[in-house]
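Engineer: The structure under discussion is supplied below as structure tokens; questions concerning it will follow.
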Amino acid sequence: MTDLLKVENVYKSYHDGERELKVLRGINLTVEAGQAVAVVGMSGSGKSTLLHLLGCLDRPDQGQISFEGKPLGAQGVGSLDTFRNQSIGYVFQFHHLLPEFSALENVLLPALIAGAPRREVERDALAMLARLGLAERARHRPAKLSGGEQQRVALARALINRPALLLADEPTGNLDIQTGETVIQLMWEMTVKQGRGLIIVTHEPTIALRADHILHLIEGKLEPLTREAMTERLTKPRRRG
Numbered sequence: 610m611t612d613l614l615k616v617e618n619v620y621k622s623y624h625d626g627e628r629e630l631k632v633l634r635g636i637n638l639t640v641e642a643g644q645a646v647a648v649v650g651m652s653g654s655g656k657s658t659l660l661h662l663l664g665c666l667d668r669p670d671q672g673q674i675s676f677e678g679k680p681l682g683a684q685g686v687g688s689l690d691t692f693r694n695q696s697i698g699y700v701f702q703f704h705h706l707l708p709e710f711s712a713l714e715n716v717l718l719p720a721l722i723a724g725a726p727r728r729e730v731e732r733d734a735l736a737m738l739a740r741l742g743l744a745e746r747a748r749h750r751p752a753k754l755s756g757g758e759q760q761r762v763a764l765a766r767a768l769i770n771r772p773a774l775l776l777a778d779e780p781t782g783n784l785d786i787q788t789g790e791t792v793i794q795l796m797w798e799m800t801v802k803q804g805r806g807l808i809i810v811t812h813e814p815t816i817a818l819r820a821d822h823i824l825h826l827i828e829g830k831l832e833p834l835t836r837e838a839m840t841e842r843l844t845k846p847r848r849r850g
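Going by my numbering, the sequence shown opens with residue 610, and the numbers climb by one from there.
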């Protein structure tokens, strides 16, 4: 397999007045083409911060992120925008759909920005929305959609350009079990099974167990988590009270 993404000794902190909050403290990660990586961790551990760095929405304080052997930090803002549009798909935890556009128009937007013919990508977008159970909702604006429907639109938008790497932040958090399974199947079908990469942040052990590697983000670092440990989380009874 080929190294699609390589993260080397990455640090990220934020400042609140004179206070420094160290979020990531030496992250190392390699994702190969055709591979899925699950990231788990407590709320506030820095999982979303990590995805922002990998998706070129923010830059690390230290360290290097490379894509297909090329350091991303060496690219200018314009080049990063183009790279992100054409190579990275991002499913945000809070959707970020444009309210004035319909579901279909939101899905089409990345492809149109990339210069794809509208007729061709509209056919693909409608097929993807239908696969996600949204055929009858394609012309509705986000305000008319439920949270779960908005999440599925966001997934279709992230996949429309066939990105080399898909980043997904809790993609099934607002979905029922059956719809969540449809979403996960589509994600794997459009990425791993086609030789692309997938990094998924999830709190669901059943989803994490599908991945090739499970990583635990704790105290600002990524540590491997065995499948046995993840299975134990799944079977361990929850405490009441």
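Backbone N, C-alpha and C fix where the C-beta goes; we use that ideal spot for every residue, glycine too.
1) Is the Cβ-Cβ distance between G829 and L633 less than 7 Å?
2) If I'm right that L818 touches L834 with Cβ under 8 Å, what's the distance once you round it to whole angstroms?
3) Got a sec? Which residues, its chain only, sit under 6 Å from G756 by beta carbon, not counting five neighbours each side?
4) State the Cα-Cα distance for the pair E758 and H749, rounded to the nearest angstrom.
5) One question on the structure: do A647 and I827 come within less than 7 Å of each other, judged by their Cβ atoms?
6) Tell me the DSSP bridge mates of E641?
7) Quick one: give me the first and last residue of the alpha helix (DSSP H) that Q787 is part of.
8) Work out the CA separation of L735 and L713 for me, nearest whole Å.
9) Count the other CB atoms within 10 Å of the CB of D778; is the residue buried (16 or more) or exposed (fewer)?
10) Entirely within the stretch 647-705 and at least 3 residues each: give me those beta strand (DSSP E) ranges in chain order.
11) Quick one: give me the first and last residue of the beta strand (DSSP E) that P833 is part of.
12) Quick one: is H822 buried, meaning 16 or more other Cβ sit within 10 Å of its Cβ, or exposed?
13) Thinking just about the alpha-carbon of each residue, which of G698, G643, M651, G672 is nearest to the one in G664?
Structural biologist: Checking against the coordinates, here is how it stands:
1) With respect to the 7 Å criterion, G829 and L633 are classified as neighbours on the basis of their beta carbons.
2) In this structure, L818 and L834 do not form a Cβ contact; the two beta carbons are roughly 10 Å apart against a cut-off of 8 Å.
3) N783
4) 11 Å
5) no
6) D612
7) 786-799
8) 7 Å
9) buried
10) 671-676, 697-700
11) First-last of the beta strand (DSSP E) with P833: 830-833.
12) buried
13) Closest in alpha carbon position to G664, among G698, G643, M651, G672, is G698.
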